[in-house]
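Per the working numbering, the sequence shown runs over residues 15 to 202. We put the beta carbon where it would ideally sit given N, CA and C, even for glycine. This report refers to the structure that appears directly beneath it.
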Amino acid sequence: MSKVTSDIDRKTASKILSVSVRTIDRYIRSGKIAAYQRNGRIWLNKREIVAFPKSQESFVKQAIDIRNTVQPRRTVSPIADIGFYKDLYEEAQRMIQEHQQKLEQANYRIGQLESQILNHQPRQPNIIERRTDDSAATEMMRRDIVSREKEIEVLKEIAKRERMNRLVFATLTYVLLATLPVLWYFMR
15 MSKVTSDIDR KTASKILSVS VRTIDRYIRS GKIAAYQRNG RIWLNKREIV AFPKSQESFV
75 KQAIDIRNTV QPRRTVSPIA DIGFYKDLYE EAQRMIQEHQ QKLEQANYRI GQLESQILNH
135 QPRQPNIIER RTDDSAATEM MRRDIVSREK EIEVLKEIAK RERMNRLVFA TLTYVLLATL
195 PVLWYFMR
């Protein structure tokens, strides 16, 4: 078997032995279970964990049979030092503090939004947007004025022609009316 498949973490070992992770840590500190550290994690040998309850039973039997015998402890592995747990604690504290800051920022923003809703002040458009809108409206008005002035000039020309036409028509009508008695006189 490869080393990767025969190694398990403390949580898995606690499930196999039906004990807590803290009890596994006590077994590691007391030297009952061998452990090593890799990539910041504590690993245990699976075969040793599976065989541990059997060795524990024999240990209990020996303790009952031989009461005065003192079993020598294995040396504590360097993994179980307090520095490792201190680092874990500090890292957890940092993460909690980061999340606390994010939560405070979110609460602050929520308060701002609630006050905006209560005051219900609609957002004012930017001055630049107003100027852009005003200049566009002004330009449209100028174009409209120019086109209307052109229409007025055209209408003035049409009115001038109509006056001229009316004058010509009136003149012709008066001339015909004036010549009508003369023509009537000659035709008789």
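Could you have a look at residue i and say whether DSSP puts it in helix, strand or coil?
i           : result
residue 23  : strand
residue 48  : coil
residue 3   : Shown here, the chain extends from 15 to 202; a query on residue 3 therefore has no answer.
residue 95  : coil
residue 161 : helix
residue 149 : helix
residue 77  : Residue placement at residue 77 is flagged as unreliable, the pLDDT there being 49, under the threshold of 50; the coordinate-derived value follows with that caveat. Residue 77 falls in the helix class under three-state DSSP.
residue 113 : helix
residue 64  : helix
residue 33  : coil
residue 15  : With a pLDDT of 42 at residue 15, under the threshold of 50, the predicted position of this residue should be treated as unreliable, though the coordinate-derived value follows. Residue 15 falls in the coil class under three-state DSSP.
residue 175 : helix
residue 202 : coil
Thinking C-beta only, is residue j closer than 8 Å to residue i?
i           : j          : result
residue 33  : residue 24 : no
residue 20  : residue 59 : yes
residue 117 : residue 67 : no
residue 57  : residue 65 : no
residue 22  : residue 63 : yes
residue 42  : residue 28 : no
I'd like the list of long-range same chain contacts for residue i, defined as Cβ closer than 6 Å, with 5 residues on each side in sequence excluded.
i           : result
residue 182 : none
Within a Cβ cutoff of 7 Å, which residues of the same chain sit near residue i, ignoring the five residues on either side of it in sequence?
i           : result
residue 202 : none
Excluding the 5 residues preceding and the 5 following residue i in the sequence, name in chain order all residues of the same chain whose CB lies nearer than 8 Å to its CB.
i           : result
residue 119 : none
Less than 8 Å between CB atoms is the rule here; does residue i satisfy it with respect to chain B?
i           : result
residue 164 : In summary, chain B is missing from the structure at hand, where a single protein chain is found.
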